[in-house]
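First up is the structure itself, then whatever we jot down about it.
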Amino acid sequence: MNLEAMSREELLAELRALLQKEQERTETDRAVHELRVHQVELELQNRELREAQGALEQSRARFEELYDFAPVAYYTFDPLGVIREVNLTGASMIGRDRTALIGQPFVALVKLDEPEIFFGHLRRCAAARRPTVTEMCFSTPRHPELSVQVVSVPILDVAGKPMAFRTAFSDISRLKQTEAELKRTRDAEVGLRSRFEALDTFSLRLNQLLIESGRRYTPSDALLQEVVDQARRGCQAEYAALGIGKDPTRPFDRWVFSGLPVELASLLGRRPSPSGILGEVIHGGRALRLRDLREHPGFRGFPPHHPVMRSFLGVVIPDGGNPVGHLYLTNKLSADEFSKDDQDFAEMIAQRAGAVIEIGRLNSELNAALSARDNVLAIVSHDLGNSLAVIQLAAKVCSAAAHKDEATSKSVDLILRASETMKRLIDDLLHVGTMDAGRFTLERRDEALAPIVEQAVQQLTPLAAAKSVHLEREIPDGLPPIHCDRVRLIQVLSNLIGNAVKFAPNGGAVGVRAWIEAGEFRFAISDNGPGIAEGQVPHLFERYWTGGAHGRHGVGLGLHIAKHIVEAHGGRIWVESRPGEGSTFFFAIPVEPP
540 MNLEAMSREE
550 LLAELRALLQ
560 KEQERTETDR
570 AVHELRVHQV
580 ELELQNRELR
590 EAQGALEQSR
600 ARFEELYDFA
610 PVAYYTFDPL
620 GVIREVNLTG
630 ASMIGRDRTA
640 LIGQPFVALV
650 KLDEPEIFFG
660 HLRRCAAARR
670 PTVTEMCFST
680 PRHPELSVQV
690 VSVPILDVAG
700 KPMAFRTAFS
710 DISRLKQTEA
720 ELKRTRDAEV
730 GLRSRFEALD
740 TFSLRLNQLL
750 IESGRRYTPS
760 DALLQEVVDQ
770 ARRGCQAEYA
780 ALGIGKDPTR
790 PFDRWVFSGL
800 PVELASLLGR
810 RPSPSGILGE
820 VIHGGRALRL
830 RDLREHPGFR
840 GFPPHHPVMR
850 SFLGVVIPDG
860 GNPVGHLYLT
870 NKLSADEFSK
880 DDQDFAEMIA
890 QRAGAVIEIG
900 RLNSELNAAL
910 SARDNVLAIV
920 SHDLGNSLAV
930 IQLAAKVCSA
940 AAHKDEATSK
950 SVDLILRASE
960 TMKRLIDDLL
970 HVGTMDAGRF
980 TLERRDEALA
990 PIVEQAVQQL
1000 TPLAAAKSVH
1010 LEREIPDGLP
1020 PIHCDRVRLI
1030 QVLSNLIGNA
1040 VKFAPNGGAV
1050 GVRAWIEAGE
1060 FRFAISDNGP
1070 GIAEGQVPHL
1080 FERYWTGGAH
1090 GRHGVGLGLH
1100 IAKHIVEAHG
1110 GRIWVESRPG
1120 EGSTFFFAIP
1130 VEPP
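Residue numbers (the numbering used here): 540 to 1133.
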């Protein structure tokens, strides 16, 4: 192209044409580029879509695996309860192949106590159009009893109408068993607490009736009636009775019943005897529980007018470990038979009844022993005391005779000392008898302390002189009067000083001190004798304790009586001793009388 030959207008037109072509080519390239970019984007999206589809397939496979082998039974039901889909767990629950379950009504495959519970659950789920939960029980050939929690979710069509239900069955049988066991445990705890409270009340009532019975030799009818009534209430029995006696050939010695109208009891007439089933309890020495006593070999029929009895519980009433009677209950009101707990409760009641009977027996023996002791003490205090007084009087007459020789003097002195020992023994026995009988009393008044101590020392001076024992006194001046029974306090001091003189060596010393300390009059009687073995100290104040047969002095009543007198004054008594270093007996009486 010859540009030089072209005019300006031609050149401009040629330029415009070239620019137009360039522009058209650029837009085509851009379009091609954009097309390529779009193709790449489509390829990426297709790749992501293929990956997503692969992941979805994997997820679906995993879901189906989890769905089939999940521990929860999954079903899909139509509105009529027909199975449309089920996982392997659901098929295993029923015990059938899953393919055989499709199209089967659920209620035809399981045994429901109330099928309406299942259909009602589906209706509620359809009406609510949201998840619905229900608990129900049924059985299958594989599971005799299943408690399940049923959760259903409605599947809605385009119109929003339920066309199916996805349902999960969760086995809660173990949970229900645990809840039932917990309830039984709580009920048992409540029942046990109630029984122990009743037993406490019963024990208090027995104590009250024992007090009211006083010193009767046998338990009162009111007391035995309380035993029978409490046993019947505690075991929820219709009838109860208590019989004392073991001879099967004669009626029970004591017979108390509960629950039986008096009019009906009067129609029955005589008391029963410990034979048949009743005798088996007593002579067998063990409890007997029967669901129906009429089926027992020992049953001999009911007498005329006797109420019908079925369940039976009989327990032994012991006395000192030996059966003396029985307590029986019949017709458990809240069950077909009595339980082991009922038996335990009845045995506790029977043991308390046995304790009451044993108390009565021991009380009888005690009263007989006390009566015999009182008779002996009466003989000792009267007949023996009078004879001893005659001996002492005759011995003193002989001692005063001017023509007696040395041998006669020694014999008379021996008689006087022996009679004095016998008199103290008689006095001790009478004092113990007075204490045991509850007739021990004090006649207290304000007394000067020094004369009391001096009188007690003077009574033991002859005994001390015979052993060349020196009696030392230490009584400070200005002591206030002591509120005491003068005769009894002298008795305590004489007893302790006499013991100290007995155990002091010949030529030894006995110290008697009295002072006030910590609001108490305190007394100390010391000797330099052989002392007391450590093992004997806790027993010194026990009745008849003599520390063994060798070297015994007296019958072991003096310290026991002294302790009783001191404690009757509101005081206390004790001893401090070391073998080989002598002994010191202390006692204290409050300055202010209690």
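Backbone N, C-alpha and C fix where the C-beta goes; we use that ideal spot for every residue, glycine too.
On a predicted model such as this, the values are computed, not experimentally measured, just so you know.
Return the Cβ separation of residue i and residue j in integer angstroms, given the expectation that the two are a contact with Cβ distance under 8 Å.
i       : j       : result
Pro1132 : His1022 : 4 Å
Asp1049 : Ile1036 : It is worth fixing the name first, because residue 1049 is Val in this sequence and not Asp. With 8 Å as the limit, Val1049 and Ile1036 qualify as a contact, their Cβ atoms being about 6 Å apart.
His493  : Leu872  : In this structure the chain extends from 540 to 1133, so residue 493 is not present and cannot be described.
Ile622  : Phe645  : 6 Å
Pro618  : Pro670  : No, Pro618 and Pro670 are not in contact; Cβ-Cβ is about 17 Å, not under 8 Å.
Asp792  : Arg830  : With 8 Å as the limit, Asp792 and Arg830 do not qualify as a contact, their Cβ atoms being about 30 Å apart.
Gly1109 : Phe1126 : No, Gly1109 and Phe1126 are not in contact; Cβ-Cβ is about 12 Å, not under 8 Å.
Arg1034 : Ala1101 : In the sequence as displayed, the identity of residue 1034 is Asn instead of Arg. Rounded, the Cβ-Cβ distance is 5 Å, consistent with contact.
Starting from residue i, follow the alpha helix (DSSP H) in both directions and report where the run begins and ends.
i       : result
Lys1102 : 1097–1107
Asn1045 : That residue, Asn1045, is in no alpha helix (DSSP H); it is neither H nor E in DSSP.
His660  : 655–667
Pro1001 : 988–1005
His822  : 815–823
Arg849  : Looking at the DSSP string, Arg849 is not in any alpha helix (DSSP H), and its letter there is neither H nor E.
Ala647  : 645–648
Ile641  : Looking at the DSSP string, Ile641 is not in any alpha helix (DSSP H), and its letter there is neither H nor E.
Once DSSP output is grouped into helix, strand and coil, what is the label at residue i?
i       : result
Met887  : helix
Asn1034 : helix
Asp1024 : coil
Val936  : helix
Leu1135 : Residue 1135 is absent from the model: the chain starts at 540 and stops at 1133.
Thr615  : strand
Gly899  : helix
Arg483  : Because the chain spans 540 through 1133 in this model, residue 483 falls outside it and cannot be assessed.
Ala941  : Because the pLDDT of Ala941 is 49, which lies under 50, any placement of that residue in the model is unreliable, and the number read from its coordinates should be weighed accordingly. In the structure shown, Ala941 sits in coil (DSSP, three-state: anything other than H, G, I, E or B).
Ala1072 : coil
Leu557  : helix
Leu1018 : coil
Asp985  : strand
Asp881  : helix
Leu806  : helix
Pro857  : strand
Leu1079 : coil
Nearer than 7 Å: is that true of the beta carbon of residue i relative to any heavy atom of the ligand FAD?
i      : result
Val692 : Ligands in the displayed structure: none, and consequently the ligand FAD is not present.
Between which two residues does the beta strand (DSSP E) harbouring residue i extend?
i       : result
Gly864  : 861–871
Ser1116 : 1111–1116
Ser1065 : 1059–1066
Ile622  : 622–625
Leu829  : 827–829
Ala609  : Neither: Ala609 is in no beta strand (DSSP E) and is coded neither H nor E.
Gly980  : According to the sequence shown, residue 980 is Thr rather than Gly. Neither: Thr980 is in no beta strand (DSSP E) and is coded neither H nor E.
Ala874  : Where Ala874 is concerned, there is no enclosing beta strand (DSSP E), given that its DSSP letter is neither H nor E.
Phe1125 : 1122–1129
>> With three or more C-beta pairs closer than 8 Å as the rule, is the segment 863–870 touching the segment 781–793?
In response: yes
>> Give the list of continuous beta strand (DSSP E) stretches no shorter than 3 residues that lie fully inside the segment 770–803.
In response: 776–783, 793–797
> Does the count of Cβ pairs from the segment 574–586 and the segment 658–678 closer than 8 Å reach three?
Replying inline: no
>> Does the segment 765–778 come into contact with the segment 808–826, if we say contact requires no fewer than three beta-carbon pairs (one atom in each stretch) closer than 8 Å?
In response: no
>> Which runs of the beta strand (DSSP E) at least 3 residues long sit entirely within the segment 668–716? Give them in chain order.
In response: 671–678, 685–695, 701–710
> Would you call the segment 790–801 and the segment 884–892 touching, i.e. three or more CB-CB distances under 8 Å?
Replying inline: no
> Taking three-plus beta-carbon pairs below 8 Å as touching, is the segment 672–679 in contact with the segment 694–701?
Replying inline: no
> Does the count of Cβ pairs from the segment 609–618 and the segment 698–718 closer than 8 Å reach three?
Replying inline: yes
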